[in-house]
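**Q**
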Ligand code: GCV
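In the working numbering, the protein residues as written are 59 to 674.
1. Ordered along the chain, which non-local residues of its own chain (more than five positions away) have a Cβ less than 7 Å from that of residue 293?
2. Could you give the DSSP three-state label for residue 349: helix, strand or coil?
3. Nearest to residue 631 by alpha carbon, out of 487, 417, 154, 191?
4. Kindly examine the ligand GCV and report whether one of its heavy atoms sits closer than 7 Å to the Cβ of residue 380.
5. Look up residue 126 in the DSSP assignment and say whether it is helix, strand or coil.
6. I believe residue 216 touches residue 227 by the beta-carbon criterion, under 8 Å. Please report the beta-carbon distance rounded to the nearest angstrom.
7. Buried or exposed, going by whether 16 or more other CB atoms sit within 10 Å of the CB of residue 375?
8. Please classify residue 231: is it buried, with 16 or more other beta-carbons within 10 angstroms of its beta-carbon, or exposed?
9. Below 8 Å, can you find three or more Cβ-Cβ pairs linking the segment 189-198 to the segment 134-142?
10. Return the CA-CA distance between residue 646 and residue 652, expressed in angstroms with no decimal places.
11. Span of the alpha helix (DSSP H) holding residue 167?
12. List the DSSP bridge partners of residue 107.
13. Return the residue from the list 449, 669, 478, 532 that minimises the CA-CA distance to residue 463.
14. At which residue ranges does the segment 433-481 contain complete alpha helix (DSSP H) runs of 4 or more residues, listed in the order of the chain?
15. Return helix, strand or coil for residue 591, following the three-state DSSP convention.
16. Is it buried or exposed for residue 158, if we count other Cβ within 10 angstroms and need 16 for buried?
17. Quickly, what does DSSP pair residue 601 with across the bridge? List them, please.
18. Within the present structure, is the beta-carbon of residue 177 separated from the nearest heavy atom of the ligand GCV by less than 7 Å?
19. How would you label residue 597, buried or exposed, when you count the other beta carbons within 10 angstroms and need 16 or more for buried?
20. Quick check on residue 333: does DSSP put it in helix, strand or coil?
21. For the segment 495-509 against the segment 409-421, are there 3 or more C-beta pairs whose distance is under 8 Å?
22. Is residue 503 near the ligand GCV, going by C-beta to nearest heavy atom under 7 Å?
23. Taking 7 Å as the limit between beta carbons, can you name the residues of its chain near residue 661, skipping five residues before and five after?
24. With a cut-off of 8 Å, do at least 3 Cβ pairs link the segment 610-626 to the segment 578-597?
25. One question on the structure: do residue 103 and residue 79 come within less than 8 Å of each other, judged by their Cβ atoms?
26. Using the C-alpha atoms, what's the distance from residue 448 back to residue 516?
27. Are residue 400 and residue 443 closer than 8 Å when you measure CB to CB?
28. With distances taken between CB atoms, is the gap from residue 334 to residue 273 smaller than 8 Å?
29. Could you tell me which of 351, 266, 300 sits nearest to residue 320, measuring between CA atoms?
30. Count the other C-beta atoms from every protein chain shown that fall within 10 angstroms of the C-beta of residue 557, then say buried if there are 16 or more, exposed otherwise.
31. List, from N- to C-terminal side, the beta strand (DSSP E) runs of 3 residues or more that fit wholly inside the segment 363-420.
32. Is residue 208 buried or exposed, if buried means 16 or more other CB atoms sit within 10 Å of its CB?
33. Assuming residue 257 contacts residue 315 under a Cβ cut-off of 8 Å, what Cβ separation, rounded to an integer in Å, is found between them?
34. Any idea which residues DSSP pairs residue 191 with across the strands?
35. Say yes only if the C-beta of residue 186 is nearer than 7 Å to one or more non-hydrogen atoms of the ligand GCV, and no if none qualify.
36. Cutting at 7 Å between CB atoms, please list the residues of its own chain near residue 341, excluding the five before and the five after it.
What follows is the structure, given as structure tokens:
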């Protein structure tokens, strides 16, 4: 028996332990359907037919007396979960062949082997503790179900900041790494490992120079050994020359030279080399206003477009800063047409409420994908929000973000309201449609609310340094991280147009112009791109400072209204957790409102037109 409480997460009818230890996705599909149909009882058997060439795709059909699933090796399992969800949601079966938009749909865990998770808000690691593997296999299979049921197909196990103990995953602990991979394999999930670029140095070589043939040979041998034990390992994930991690720059080599050397080592095994583009100067002098962090990645990578090996994937965070509440798409998505790109999202709510405050991400992703156009990327990745807590995601509602990530990876045209409602219906037993409507509205609006009471208009970074929760308007202002608002008594923001840091010029023509002009720049991003005086007139005639005050008062009121709504909802076993967290959220919202409003009031001296309470 497992010791954790079996919370339904979203497939509420699938509450059994998957104790049969299936060997293949087909066996998993058979087992899940057998059990589900015993509960569902519509009397129709399910006929499964595997057609290897269909890969991850599937087709569902319903005959008079039976259901049919035709699919490839993993497609058959995706088909099984799709059938179960359609029946649970009382939806008609999808027509025609269903295939994922992106072949790689990756979850990145930032788990340290100590058991701590960097930026983890749902308890400790699901598989590491005390510098060793430590897990309940039944829970790992539940994880497999959860991910496979929405089509996630790769999970990286260890933090991209590879600390010393995790280096053992590729040698001393390799047999155990392989065991965990075997547990996830029947769910069509392949594992990936984060590796340290300087690993050859730790293991006896005197260099990690990517152009030294000994280094390339060393990585080849390492890869051969790993793939011998884990033949379907998805690949390596690398954070190099980023926030003090080692990388090719130490040897005067480019990121392409570094990534390509590793890519050649993993290529014979069909592996990919995922190279993160999160590179900037984290030792900046705040006095230096000519260096602008959002410009950094484009400067480094744009000239390298077209020079990466076929199996390199450049993983780019959605915005050029770092998972802020609102950012424009990174210009790299438009400036690397000859490079395979992955868009990196962050389910872990580092800057978005830490799984205490509600922040449903699908509305934000809808905007990102609409701006992006789905063809510009080849893969999606998301930093995991999972942990050992009973409900997996800290806040029970945060499970929506993982569910939605899988759905977007499969189909980036996913419609948000329908998706949110599917998740609600798979998770809660509401008998009144009003309750579903109320929760759907809370989730839909949650990001706007959070944005209003924290740092609206693209301001970013007014968080407490280090832990990134709660307000601190000058917290990062005199630091080395390159994240400044430069608020003074007259104005706030940074001019990132051609007259300023030139950042807007990194975008292609229509976008560059749109962002550079205050008239056409989306208001939500105004202070991301522009430095403006407090008496600047917004489109609706309000002054900028009034808009800042209004947003903070409104955001806080909205959070308080959310609390009233949630207190009346029949959330079953999630009630205590949700109520406890919404109280913390409203406290947080009040703190943000008062700190930010007071900050700008003191600087600008401008009074609130509505005479609400702003502290001196
Ligand atoms: C894993 C931000 C986070 C770090 C994280 C880093 C990254 O800076 O605060 O915790 O490190 O992003 O994405 O590599």
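Every residue, glycine too, gets a C-beta built ideally from N, C-alpha and C.
All of these numbers come straight from a predicted model, not from anything done at the bench.
**A** Taking the geometry as given:
1. Residue 293 sits at position 235 when you count from the first residue of the chain shown. For residue 293, the CB contacts under 7 Å within the same chain, skipping 5 residues up- and downstream, are 250, 324, 329, 330, 331, 332 in chain order.
2. Numbered from its first residue, the chain shown carries residue 349 at position 291. It is coil, neither helix nor strand.
3. Position 573 of the chain shown, counted from the start, is the residue given in the question as residue 631. Here the closest residue by C-alpha is 487.
4. Here residue 380 corresponds to residue number 322 of the chain shown, with the count starting at 1. Relative to the ligand GCV, residue 380 has its C-beta within less than 7 Å of a heavy atom.
5. Along the chain shown, read from residue 1 onward, the residue named residue 126 stands at position 68. Three-state result, residue 126: strand.
6. For this step, residue 216 is matched to residue 158 along the chain shown. For this step, residue 227 is matched to residue 169 along the chain shown. That pair is a contact at about 6 Å.
7. For this step, residue 375 is matched to residue 317 along the chain shown. That one is buried.
8. In the chain shown, residue 231 corresponds to position 173, counting from 1. Residue 231 comes out buried.
9. Counting C-beta pairs with one atom in each stretch, the segment 189-198 and the segment 134-142 have fewer than three that are closer than 8 Å, which means they do not touch.
10. As a working mapping, residue 646 is identified with position 588 in the chain shown. As a working mapping, residue 652 is identified with position 594 in the chain shown. Their backbone Cα atoms lie some 10 Å apart in a straight line.
11. Along the chain shown, read from residue 1 onward, the residue named residue 167 stands at position 109. It is not in any alpha helix (DSSP H) - residue 167 carries neither H nor E in the DSSP assignment.
12. Residue mapping note: residue 107 aligns to position 49 of the chain shown, counting from 1. Answer is 128.
13. For this step, residue 463 is matched to residue 405 along the chain shown. When each option's Cα is compared against that of residue 463, the closest is 478.
14. 457-468
15. Position 533 of the chain shown, counted from the first residue, corresponds to residue 591. In the structure shown, residue 591 sits in a strand (DSSP, three-state: E or B).
16. Here residue 158 is taken as the residue at index 100 of the chain shown, counted from 1. With 16 or more Cβ atoms within 10 Å of its Cβ, residue 158 is classed as buried.
17. Position 543 of the chain shown, counting from 1, holds the residue named residue 601. 595.
18. For the purposes of this step, residue 177 is taken as residue 119 along the chain shown, with counting starting at 1. Yes, since a heavy atom of the ligand GCV falls inside the 7 Å radius drawn around the Cβ of residue 177.
19. For the purposes of this step, residue 597 is taken as the residue at position 539 of the chain shown. Residue 597 comes out exposed.
20. Along the chain shown, one-based indexing puts residue 333 at 275. Strand, per DSSP.
21. yes
22. What you label residue 503 is simply residue 445 of the chain shown in a count that begins at 1. Residue 503 Cβ: outside cutoff for every heavy atom of the ligand GCV.
23. In the chain shown, counting from the first residue as 1, residue 661 sits at position 603. Hits under 7 Å: 545, 546, 547.
24. no
25. The residue you call residue 103 lines up with position 45 of the chain shown. The residue you call residue 79 lines up with position 21 of the chain shown. Not in contact: residue 103 and residue 79 (Cβ atoms no closer than 8 Å).
26. Locating residue 516 in the chain shown gives position 458, where the first residue counts as 1. Locating residue 448 in the chain shown gives position 390, where the first residue counts as 1. If you take the alpha carbons of residue 516 and residue 448, they lie about 35 Å apart.
27. To locate residue 400, count along the chain shown from 1; it is residue 342. To locate residue 443, count along the chain shown from 1; it is residue 385. No, these two residues do not count as a Cβ contact at 8 Å.
28. Along the chain shown, read from residue 1 onward, the residue named residue 334 stands at position 276. Along the chain shown, read from residue 1 onward, the residue named residue 273 stands at position 215. The Cβ atoms of residue 334 and residue 273 lie no closer than 8 Å to each other.
29. Position 262 of the chain shown, counting from 1, holds the residue named residue 320. For the residues 351, 266, 300, the minimum Cα distance to residue 320 belongs to 266.
30. Sequence index remark: in the chain shown, residue 557 carries index 499 (1-based). With fewer than 16 Cβ atoms within 10 Å of its Cβ, residue 557 is classed as exposed.
31. Within the segment 363-420, the complete beta strand (DSSP E) runs of at least 3 residues are 370-375, 399-404.
32. As a position in the chain shown, residue 208 is number 150, starting the count at 1. Label assigned to residue 208: buried.
33. Start at 1 with the first residue of the chain shown, and residue 257 comes out as number 199. Start at 1 with the first residue of the chain shown, and residue 315 comes out as number 257. No, residue 257 and residue 315 are not in contact; Cβ-Cβ is about 17 Å, not under 8 Å.
34. As a first step, residue 191 must be located in the chain shown, where it is residue number 133. Paired residues: 186.
35. For the purposes of this step, residue 186 is taken as residue 128 along the chain shown, with counting starting at 1. Checking every heavy atom of the ligand GCV against the Cβ of residue 186, none is found closer than 7 Å.
36. Position 283 of the chain shown holds residue 341. These residues qualify, in order along the chain: 538.
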